[in-house]
Amino acid sequence: MTVQDHLRALLEANKDVFLSGAQIAKTLGVSRNAVWKAAKALQAGGYPIDAVPNRGYRLLPTSDVLSESGVRRYLRGEAEALSLHVFDTVSSTNIVLRELAEKGAPEGSAVIASTQTGGRGRKGRSFFSPAGTGVYVSLLLRPDLAAGDALQITTTAAVAVCRAVEAVSGRQAQIKWVNDVLLGGKKICGILTEASFGMESGRVDYAVLGTGINVYTPEGGFPEEIRRVAGSVFNRPKPDAKNRLIAEYLNAFLPLYRSLGGEQASEEYRRRSFVVGRDVTVLSGGRETPAHVLGVDERCRLLVEYESGERAALSSGEISIRL
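Take the sequence shown: its letter number 12 is residue 11 in our numbering, and every next letter is one higher.
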């Protein structure tokens, strides 16, 4: 870790407390000049350090800066053992984690960022990932799972996101099949699970579970092409919301993952469905087919009835809601 990393961790552990340059230098085992340079570099990068002559440095209690120490403060149970890699900016958390997975990184490795320059959604679409307004996390999993059951990872993650959002905001979250989490009918989270399969075994070698959450509305609003459907967890900054949101998500996901395919997650997924009883358009194989949603089954497949009267249980594809 650099002096900047150590300084961030120290200030985050002592929020709203002024620490003198001499105190910090002694604690970190560096010179006061090194402390000053680290503080200036962090400030230049947008880190909200309050520096006051004859008092020292502090992190404002209202700050909301993503960091490893900040996330770890809220982790509980088995989530405390996760290997966290936290960045200000990455191309894509999924891409970075896939590279680690190919090098043999263990299950429980996580890449977390506050900005993605090349964030991706389903079907290769770009995923809006601006600086300062969202959090993006990819978690490496190595489940003993058949390829056909990989959908369970995504649906379980959706339930965990709902729990995390409710824990930090107090607002009820819902799920639009298959991988979108909604607040007030607006999408605040997308989930992309990418897996590597054994050709002979037909089972999952590893899965990279990517989750992006809109914590705040960007200044000036969302881009025009998604403004009608996109939302955020909060309308204004909240102290430590990003760190807590990521931690609550990981806290919620891991116990559900250990019982993957169990009734608890699938029942909650069905209960949180935003689309049951609605008219939708099914997007599959390049076709758009009107349908009515009858329900979600125990395997989290979408049960639909087409205008022809034919019924189907969908395990892949996408839907759009007809207004």
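Cβ coordinates follow ideal geometry from the N, Cα and C atoms, glycine included.
It is roughly 23 Å from the alpha-carbon of residue 49 to the alpha-carbon of residue 88. With distances taken between CA atoms, residue 283 lies nearest to 318 out of 43, 98, 318, 296. Taking 3 residues as the minimum length, the beta strand (DSSP E) runs contained wholly in the segment 180-249 are 185-196, 203-213, in order along the chain. Judged by DSSP in its simplified three-state form, residue 39 adopts helix. Nearest in C-alpha terms to residue 278, of all of 322, 4, 262, 188, is 322. With contact defined as three or more Cβ pairs closer than 8 Å, the segment 74-90 and the segment 28-43 are not in contact.
A check of alpha carbon separations from residue 191 across 129, 207, 253, 312 identifies 207 as the nearest. Residue 257 carries a helical assignment under DSSP once its states are collapsed to helix, strand and coil.
Cα atoms of residue 133 and residue 25: separation of roughly 35 Å, rounded to the nearest angstrom. Here residue 210 is buried, its C-beta having at least 16 other C-beta atoms within 10 Å.
The residue from 257, 73, 99 with its alpha-carbon nearest to that of residue 247 is 73. In the DSSP assignment, residue 171 falls outside any alpha helix (DSSP H) and carries neither an H nor an E.
Note on geometry: alpha-carbon atoms of residue 240 and residue 306 lie some 45 Å from one another. Here residue 115 is bridged, per DSSP, to 89. Ranking 299, 290, 297 by CA distance to the CA of residue 308 puts 290 first. In terms of CA proximity to residue 265, 148 leads the group 148, 203, 182, 229. Residue environment: residue 250 is assigned as buried (16 or more neighbouring CB atoms within 10 Å of its CB, all protein chains considered). The criterion of a C-beta distance shorter than 9 Å is not satisfied by residue 112 and residue 181.
Put simply, the backbone Cα of residue 71 is about 22 Å away from that of residue 100. Counting every other CB atom within 10 Å of its CB across the protein chains shown gives residue 102 a total below 16, marking it as exposed. Taking C-alpha positions only, residue 221 is separated from residue 53 by approximately 43 Å. Assignment of beta-bridge partners to residue 46 by DSSP yields no partner.
Going by DSSP, residue 135 is part of the beta strand (DSSP E) stretching over 133-140.
If you look at residue 68, you'll find it in the alpha helix (DSSP H) that goes 67-71.
Excluding five sequence positions before and after residue 138, the CB atoms of its chain that fall closer than 6 Å to its own CB belong to 109, 208, given in chain order.
Considering only 268, 235, 114, the residue with the shortest C-alpha distance to residue 61 is 235.
Residue 4 sits in a helix when the DSSP states are folded into three classes.
DSSP lists 302 as the bridge partner or partners of residue 294.
Looking at the DSSP output, residue 58 sits in a beta bridge with 48.
In the DSSP annotation of this structure, the continuous segment of the alpha helix (DSSP H) that includes residue 27 starts and ends at 20-27. Under the criterion of beta carbons closer than 8 Å, residue 196 and residue 146 qualify as touching, at roughly 5 Å. Here the alpha carbon of residue 228 sits roughly 16 Å from the alpha carbon of residue 177. Contact check for residue 140 and residue 205: beta-carbon distance about 7 Å, within the 8 Å limit, so the pair qualifies.
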